[in-house]
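Each residue of the sequence shown is one higher than the one before, counting from -19 in my numbering. C-beta atoms are modelled at their ideal positions from N, C-alpha and C, and glycine is treated no differently. None of these values were measured; they are calculated from a predicted model.
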Amino acid sequence: MQVSRIAAAAAVAGTTVLVLASPALAHVSVQPEGKAAKGGYAVVDFKVPNERDDASTVKLEVNFPAEHPLASVMPEPVPGWDAKVTKSKLDKPLNLHGRQITEVVSKVTWTAAKGGGIKPGFFQKFPVNVGALPEDTDELVFKAIQTYSGGEVVRWIEVQQGAEEPENPAPVLALSAAEEDGHHGAGADDKASAEPSAGTDQAAAHTDAAAGEASQDSTDTTARVLGVVGIVVGVAGVAYGVLAGRRRSA
């Protein structure tokens, strides 16, 4: 009887943990594909799970941080979804690759095609290429609004202040330290990583060539020395033979 009570209590506790953990797993979130380095460019995915059993997610609005405007925002096409980019004017222009940017993307809205959307039990990723990422902050907060086919709207806009997570937290993108090669994106990082390898191979080739030349020079020098020594020995032998012949004649 006591064992049964313990098992029942454990089952209730486990169910409670799952119930409490489920909302945390269902949040709209944002994660980079690779690195999101300060001052660089990155592809970030807005991950949207469906929390309802009787409705589909048919719309997602993501608001970009006004306090840290991004000069470049390009959403990747998602099959079955239409993306609308909304821009706004800047009070202070941004400089990007030598030109001034007077307006930036303030919001991207994805709307599912008729009869589509994120079905119950599924999630969808919405990739966006963003940059240049700010260097004066460690994170970016994106406020998102999720709309269901039944008309329900969930606002993921609450910013976490303390240790306790809010009920509807806004997606937060953590930024890593700036790259040492001048804040390039993932593609540039791959290229940069390849270039030192090529340079190393070239350096190795030059070193081998130099070693070969040095070896060849050493061999030539040795040959010359042996040749001179042979000549000297030959001359000495001839002279010795002549002297020996004269002594015999005498």
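Distance, residue j Cα to residue i Cα
i    : j    : result
F102 : L40  : 15 Å
L155 : K94  : 36 Å
N104 : V133 : This sequence places Gln at residue 104; Asn is not what is there. Rounded to whole angstroms, Q104 to V133 spans 17 Å at the Cα level.
V28  : E160 : 33 Å
P12  : F26  : 9 Å
V231 : F106 : Nothing in the structure corresponds to residue 231, since the chain is present only between -19 and 230.
Sub-8 Å separation of residue i and residue j beta-carbons
i    : j    : result
V42  : V88  : yes
W136 : T91  : no
N148 : I98  : no
L153 : A16  : yes
V126 : V10  : The residue you asked about is not Val; residue 126 is Gln in the sequence shown. No, Cβ-Cβ distance for Q126 and V10 is not below 8 Å.
V121 : A150 : yes
A235 : G130 : Residue 235 is absent from the model: the chain starts at -19 and stops at 230.
P100 : R32  : yes
E83  : K64  : no
G14  : A158 : no
Three-state secondary structure assigned by DSSP to residue i
i    : result
G131 : coil
R79  : strand
A203 : Low per-residue confidence applies at A203: pLDDT is 49, beneath 50, and the placement is therefore not dependable, though the value from the model is reported in the following sentence. Helix.
E138 : strand
K15  : coil
F122 : coil
G111 : strand
K94  : coil
A143 : coil
L74  : strand
heavy atom of the ligand MN below 7 Å from residue i C-beta
i   : result
P55 : This structure lacks the ligand MN, and indeed carries no ligand of any kind.
Given residue i as reference, the closest of the options once Cα atoms are compared
i   : options            : result
Y21 : E83, A124 and G111 : G111
K67 : P55, A143 and S86  : S86
(message) Whether or not the segment 49 to 60 and the segment 69 to 76 are in contact is what I'm after, with contact meaning three or more pairs of Cβ atoms, one per stretch, closer than 8 Å; do they touch?
(response) The answer is yes - the segment 49 to 60 touches the segment 69 to 76, with three or more Cβ pairs under 8 Å.
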